[in-house]
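The block underneath contains the structure these notes are about, expressed in structure tokens.
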Amino acid sequence: MENKAAGSNLVEDAQRKKTQKSWLLSTPALLVLASAASGPLLIVLVYSFISSGEYGGVVWKFSTDAWYNVVFHRDIFDGTLALADAHLIILWRSIKLSFFTTVTTLAIGFPTAYFIATRPRKTRNIWLFLITIPFWTNLLIRTFAILEVIRNEGLINIGLQTFGVIDAPIQMLYTDFAIMVGMTYVYLPLMVLPLYASMERLDFNLVEAAYDLYATRNKVLRRVIIPLVKPGIIAGSILVFIPSLGAFVTPRVLGGGKKMMLGNLIELQFGAGRNWPLGAALSITLLSIVMIALLIYVRTTQRNSDGLQ
Amino acid sequence: MDERLEIAPAESDKSLEAAIYAERVTKVFGVGKDKVLALHDVSVAIEKNEFFTLLGPSGCGKTTLLRLIAGFDHPTEGLIMLHGQDISHLPPYQRSINTVFQSYALFPHMTVAQNISFGLEMLGKPKGQIKETVGKMLALVKMEDLRNRRTDQISGGQQQRVALARALAPQPQVLLLDEPLAALDYKLRKEMQIELKRLQHETGITFIFVTHDQEEALTMSDRIAVMDAGRILQIGTPRQIYNHPIERFVADFIGSTNFLSAEVLSTGDRQARLKLSAGEEVSVELPDGMVPSGRVTAAVRPEYSQLMAESGGKGDLQGVLENIVYFGTDTHYYIRLADETMFVTRSQNQREDTETFKVGQSVGVAFKPNSVQVLRD
Numbered sequence: 000m001e002n003k004a005a006g007s008n009l010v011e012d013a014q015r016k017k018t019q020k021s022w023l024l025s026t027p028a029l030l031v032l033a034s035a036a037s038g039p040l041l042i043v044l045v046y047s048f049i050s051s052g053e054y055g056g057v058v059w060k061f062s063t064d065a066w067y068n069v070v071f072h073r074d075i076f077d078g079t080l081a082l083a084d085a086h087l088i089i090l091w092r093s094i095k096l097s098f099f100t101t102v103t104t105l106a107i108g109f110p111t112a113y114f115i116a117t118r119p120r121k122t123r124n125i126w127l128f129l130i131t132i133p134f135w136t137n138l139l140i141r142t143f144a145i146l147e148v149i150r151n152e153g154l155i156n157i158g159l160q161t162f163g164v165i166d167a168p169i170q171m172l173y174t175d176f177a178i179m180v181g182m183t184y185v186y187l188p189l190m191v192l193p194l195y196a197s198m199e200r201l202d203f204n205l206v207e208a209a210y211d212l213y214a215t216r217n218k219v220l221r222r223v224i225i226p227l228v229k230p231g232i233i234a235g236s237i238l239v240f241i242p243s244l245g246a247f248v249t250p251r252v253l254g255g256g257k258k259m260m261l262g263n264l265i266e267l268q269f270g271a272g273r274n275w276p277l278g279a280a281l282s283i284t285l286l287s288i289v290m291i292a293l294l295i296y297v298r299t300t301q302r303n304s305d306g307l308q
Numbered sequence: 000m001d002e003r004l005e006i007a008p009a010e011s012d013k014s015l016e017a018a019i020y021a022e023r024v025t026k027v028f029g030v031g032k033d034k035v036l037a038l039h040d041v042s043v044a045i046e047k048n049e050f051f052t053l054l055g056p057s058g059c060g061k062t063t064l065l066r067l068i069a070g071f072d073h074p075t076e077g078l079i080m081l082h083g084q085d086i087s088h089l090p091p092y093q094r095s096i097n098t099v100f101q102s103y104a105l106f107p108h109m110t111v112a113q114n115i116s117f118g119l120e121m122l123g124k125p126k127g128q129i130k131e132t133v134g135k136m137l138a139l140v141k142m143e144d145l146r147n148r149r150t151d152q153i154s155g156g157q158q159q160r161v162a163l164a165r166a167l168a169p170q171p172q173v174l175l176l177d178e179p180l181a182a183l184d185y186k187l188r189k190e191m192q193i194e195l196k197r198l199q200h201e202t203g204i205t206f207i208f209v210t211h212d213q214e215e216a217l218t219m220s221d222r223i224a225v226m227d228a229g230r231i232l233q234i235g236t237p238r239q240i241y242n243h244p245i246e247r248f249v250a251d252f253i254g255s256t257n258f259l260s261a262e263v264l265s266t267g268d269r270q271a272r273l274k275l276s277a278g279e280e281v282s283v284e285l286p287d288g289m290v291p292s293g294r295v296t297a298a299v300r301p302e303y304s305q306l307m308a309e310s311g312g313k314g315d316l317q318g319v320l321e322n323i324v325y326f327g328t329d330t331h332y333y334i335r336l337a338d339e340t341m342f343v344t345r346s347q348n349q350r351e352d353t354e355t356f357k358v359g360q361s362v363g364v365a366f367k368p369n370s371v372q373v374l375r376d
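So the sequence lines, in the order shown, correspond to chains H and Y. Sequential numbering from 0 applies to the first sequence in numbering that gives the first Met the number 0. Sequential numbering from 0 applies to the second sequence in numbering that gives the first Met the number 0.
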């Protein structure tokens with residue numbers, strides 16, 4: 000008996016040593032994360048708490064001015080305080096446009112992913128390949144392509160005018176609509192791919208079983224398919240919503256600089272605005288919004304899965 | 000022979016009486032080069048409250064026929080009727096037919112009780128009635144204690160019961176079962192066979208059961224349709240199928256059989272006289288409408304023949320005993336016949352028996368009366 004116990008202890012010890020050492024295997028990943036993600040983030044955080052330099056850059060003196068300026072605006076003439084409503088409008092526009100972009104990509108991406116997932120295995124890869132083709136082109140070029148389509152002398156307006164549907168061109172460029180169209184186009188693959196991944200794993204026997212149990216097409220979609228591909232819907236929504244919030248190329252080109260989003264505002268502070276600390280503080284604000292949104296999501300899904308048990 | 004009558008297109012009268020009536024159903028999958036003929040001119044009438052089995056090897060078209068009845072696929076030609084109503088092109092949700100899937104296909108995001116109530120909810124039944132029916136179904140399959148479990152937290156046998164309860168809950172006119180016992184271990188499968196018979200008896204619902212397991216088909220069914228290569232070869236009771244197989248495939252697929260080549264000497268009123276190529280002349284009864292001539296194949300089950308020592312008489316066949324295998328309940332004797340084919344005979348053991356035969360000995364085989372079946376080639 001004693002021998003046996005000693006033997007098992009030896010085995011356990013050996014295993015423990017193994018597991019203790021095995022974290023070493025993840026050091027490359029940890030190093031990359033630390034240097035490429037946490038490091039810059041730390042710098043941004045530090046920058047948000049120091050003073051801005053006269054001609055851009057920073058002066059190494061502690062200051063909370065930047066954070067103050069995120070929310071409040073001091074009049075340059077009489078020094079009175081007011082809410083920085085320009086920032087709030089931009090924040091609101093960012094959230095609104097990102098939300099609608101997410102909804103639109105979902106509306107287009109869901110049937111697309113379903114279509115691909117129901118093709119024969121051989122042809123699925125061809126469809127997926129087609130989805131990824133836009134990634135081969137630079138984002139700026141893709142955005143200018145959209146500009147060509149929707150501008151006043153663009154494809155849509157010229158087309159509609161030629162066929163006599165409208166007399167004067169419809170102003171689409173430099174509106175919120177234009178930004179949304181652009182972001183929908185750019186981020187659509189990010190919605191389709193995770194949706195496809197979860198639909199591909201969907202057991203289509205379950206769909207047949209639901210039909211068999213008197214569920215109409217609508218009910219099958221609502222009661223069986225959507226609940227089962229929910230992880231894909233959520234993953235796709237996160238992947239679209241987060242970069243939409245921080246987007247700056249698309250709003251810059253298609254919004255014409257007048258319709259700013261958070262990304263543009265941040266860019267402005269680091270560029271022409273010459274206020275790096277404010278830019279840093281705005282970046283941290285954006286990050287916090289995203290983190291809070293994710294936290295709420297994680298909490299609710301945990302509660303849901305607990306509820307079933 | 001009765002079986003043939005049902006295969007032929009029946010009168011309209013028959014189609015109204017039957018629970019499921021399929022007439023000249025053909026199903027083609029794919030187009031052009033990839034075209035596959037899954038069902039070829041299949042006609043069958045399945046009666047009310049019947050336990051009907053579609054039996055055949057994989058790829059014989061039995062599951063295709065089941066899917067056509069369920070409505071997951073639609074026939075390329077022909078029609079399918081449910082209690083006299085043409086349902087060939089109705090979607091699955093408009094047919095009072097439910098399916099127990101081979102993989103069970105339980106909804107993983109619902110509890111046991113939610114799975115069972117799904118069909119009733121879709122039919123728009125009142126809440127009170129749904130609750131009552133779900134309770135009854137849980138009791139029927141003895142799963143009351145696990146009603147709030149998730150479907151991945153119960154065993155395979157329990158999942159099987161939930162799948163059954165889910166399909167029975169909406170009280171369909173016909174229940175389809177697609178190899179539902181294939182994934183269970185031997186003991187559980189035996190239990191579920193009895194359970195299924197009990198459920199069919201208690202609910203009075205027509206069961207259409209698909210299997211490739213001939214033993215399962217023989218023990219459970221009221222009638223069996225044997226299928227191969229997209230056709231129904233024979234329909235009949237287990238007894239008819241086992242004792243009077245019409246075609247070689249049926250005789251071979253169900254149980255074990257000896258095939259003998261023979262020459263027809265004369266035919267009379269459902270009778271014929273054959274000369275076995277490895278033995279003597281025998282008289283056989285013929286199936287309806289069969290008038291054989293020339294060389295034919297005859298089938299004899301091992302247990303319908305008896306081994307005899309050469310000294311005890313000549314018997315119907317002659318040969319040399321090549322192997323003796325003791326199985327406990329019975330003993331199998333392998334005999335090399337005069338025409339070099341192998342013949343197996345089986346005899347029931349008694350406790351006091353001692354082996355009286357020796358390998359290498361010349362023996363005769365005698366058939367029990369009416370045990371030779373002439374096959375359609």
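Glycine included, each C-beta is placed from N, C-alpha and C at the ideal position.
Residue range 57-61 is occupied by the beta strand (DSSP E) that includes residue 60(H), with no alpha helix (DSSP H) assigned at that position. The three-state secondary structure of residue 290(Y), taken from DSSP, is coil. With a threshold of 16 other beta carbon atoms within 10 Å, residue 95(H) falls short and is exposed.
Within the same chain, 266 come within 8 Å of residue 290(Y) by CB-CB distance, once the 5 residues on both sides are set aside. The C-beta separation of residue 313(Y) from residue 279(Y) comes to about 7 Å, placing the pair in contact by the 8 Å criterion. Residue 327(Y) counts as exposed, since fewer than 16 other beta carbons sit within 10 angstroms of its beta carbon. Counting the other CB atoms within 10 Å of its CB gives residue 252(H) a total of 16 or more, which places it among the buried residues. The DSSP-derived three-state label of residue 114(Y) is helix.
Distances from the CA of residue 358(Y) to each of 329(Y), 325(Y), 320(Y) and 370(Y) were compared; the closest alpha carbon is that of 320(Y).
Approximately 6 Å separates the beta-carbon atoms of residue 284(Y) and residue 269(Y); this is inside 8 Å, confirming the contact. Residues of chain Y with a Cβ closer than 7 Å to the Cβ of residue 214(H) are, in chain order, 92 and 121.
Interface with chain H (8 Å Cβ-Cβ cutoff): residue 28(Y) is excluded. Taken through DSSP and simplified to helix, strand or coil, residue 142(Y) comes out as coil. Counting the other CB atoms within 10 Å of its CB gives residue 59(H) a total below 16, which places it among the exposed residues.
For residue 76(Y), the closest of 112(Y), 58(Y), 65(Y) and 25(Y) by C-alpha to C-alpha distance is 25(Y).
For residue 93(H), same chain residues with a beta-carbon under 6 Å away, outside a window of 5 residues either side, are 244, 260 and 261 in chain order.
One thing to note: residue 215(Y) has its Cβ no nearer than 8 Å to the Cβ of residue 176(Y). As the crow flies, the alpha-carbon of residue 118(Y) is around 32 Å from that of residue 192(H). Between residue 73(Y) and residue 67(Y), the gap from beta carbon to beta carbon is short of 8 Å. When secondary structure is reduced to three states using DSSP, residue 200(Y) falls in the helix class. Its Cα nearest to that of residue 141(H), the residue 181(H) stands out among 181(H), 116(H), 102(H) and 122(H).
Residues of the region 205-230 of chain H with a C-beta atom less than 8 Å from some C-beta of chain Y are 205, 207, 208, 209, 210, 211, 212, 213, 214, 215, 218, 222, 223, 226 and 227, listed in chain order. The Cβ-Cβ distance between residue 276(Y) and residue 261(Y) falls below 8 Å. In this chain, the alpha helix (DSSP H) harbouring residue 215(Y) covers 213-219. Near chain H, meaning a CB-to-CB distance below 7 Å, the residues of the region 43-69 of chain Y are 69. Straight-line spacing of the CA atoms in residue 360(Y) and residue 346(Y) works out to 17 Å. Out of 147(Y), 94(Y), 325(Y) and 29(Y), the CA that lies nearest to the CA of residue 18(Y) is found in 94(Y). Leaving aside the five residues that flank residue 203(Y) on each side, the residues in its chain whose CB is nearer than 6 Å to its CB run, in chain order, 48. The C-beta separation of residue 61(Y) from residue 209(Y) comes to about 5 Å, placing the pair in contact by the 8 Å criterion. Secondary structure at residue 350(Y): coil, using DSSP grouped into helix, strand and coil. Within a 10 Å sphere around the beta-carbon of residue 220(Y) sit 16 or more other beta-carbons, which makes this residue buried.
If you draw a 10 Å sphere on the C-beta of residue 290(H), you find fewer than 16 other C-beta atoms in it, and that means exposed. Among the residues of chain H, those whose CB is under 9 Å from the CB of residue 71(Y) are 207, 210 and 211, following chain order.
Note on geometry: alpha-carbon atoms of residue 112(Y) and residue 172(H) lie some 54 Å from one another. If you check each beta-carbon in the region 167-189 of chain Y against every beta-carbon of chain H, the ones closer than 8 Å belong to 169. Under the 10 Å beta carbon count, residue 164(Y) is surrounded by 16 or more other beta carbons and is classified as buried.
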